[in-house]
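Working notes, beginning with the structure itself.
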């Protein structure tokens, strides 16, 4: 069980998941989101958030370690595109009505695209997030998240698909 408490006295936003948490409220993350969604959500790393993993209060880093079953050491040893993004990349974003595109490149020349996130909103709320990973000019993986909402615009569920051509 993964619980998240907002200890702040103000409303907290997790924009990438389309969630708002009232002050002092607690939500059960594993009922609403997959582990992949939680791992890929940097908005969760906020000082006013307290995480409980299987009954034990843990830091954000420890939560990710428990979810992925990776220690910081073994994680850093992996040679992945994600590490190149984190350590060396250059990114730009463009906004159009209801669509934000974030493109990650190897450097500021923007000659080699590594990753692209396309976030689509409906009624001002995130509705889909499509992430394409590239190796050269070829898409090697597409991760899609479709967010369904209740009438009050709270998140009803998220359906994720991961395609590797």
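Residue numbers (our numbering): 380 to 544.
Glycine residues also receive a C-beta, built at the ideal position from the N, C-alpha and C atoms.
Please read all numbers here as calculations on a predicted model, not as lab measurements.
In the structure shown, residue 411 falls within a helical segment according to DSSP collapsed to helix, strand and coil.
Residues 397, 526, 528 and 532 of the same chain have their beta carbon placed closer than 8 Å to that of residue 504, with the five preceding and five following residues left out of the count. In the three-state scheme derived from DSSP, where H, G and I count as helix and E and B as strand, residue 416 is classed as helix.
In this structure, the straight-line span from the alpha carbon of residue 478 to that of residue 469 is close to 20 Å.
The residue from 512, 418 and 435 with its alpha-carbon nearest to that of residue 448 is 418. If you draw a straight line from the Cα of residue 506 to the Cα of residue 406, it is about 20 Å long. Taking 8 Å as the cut-off, the Cβ atoms of residue 520 and residue 537 do not count as close.
Spanning the alpha carbons of residue 516 and residue 500 requires a straight line of approximately 27 Å. Around the C-beta of residue 416, 16 or more other C-beta atoms lie within 10 Å, and the residue is accordingly described as buried.
The residues 380, in chain order, have a CB closer than 7 Å to that of residue 433 in the same chain once the five nearest residues on each side in sequence are set aside.
Cα atoms of residue 480 and residue 392: separation of roughly 20 Å, rounded to the nearest angstrom. A Cβ-Cβ separation of about 19 Å leaves residue 388 out of contact with residue 422 under the 8 Å criterion. Judged by DSSP in its simplified three-state form, residue 401 adopts coil rather than helix or strand. Residue 494 counts as buried, since no fewer than 16 other beta carbons sit within 10 angstroms of its beta carbon.
For residue 423, there is no enclosing beta strand (DSSP E), since its DSSP letter is neither H nor E.
Collapsing the DSSP output to three states places residue 433 in coil.
Around the beta carbon of residue 390, fewer than 16 other beta carbons lie within 10 angstroms, which makes this residue exposed.
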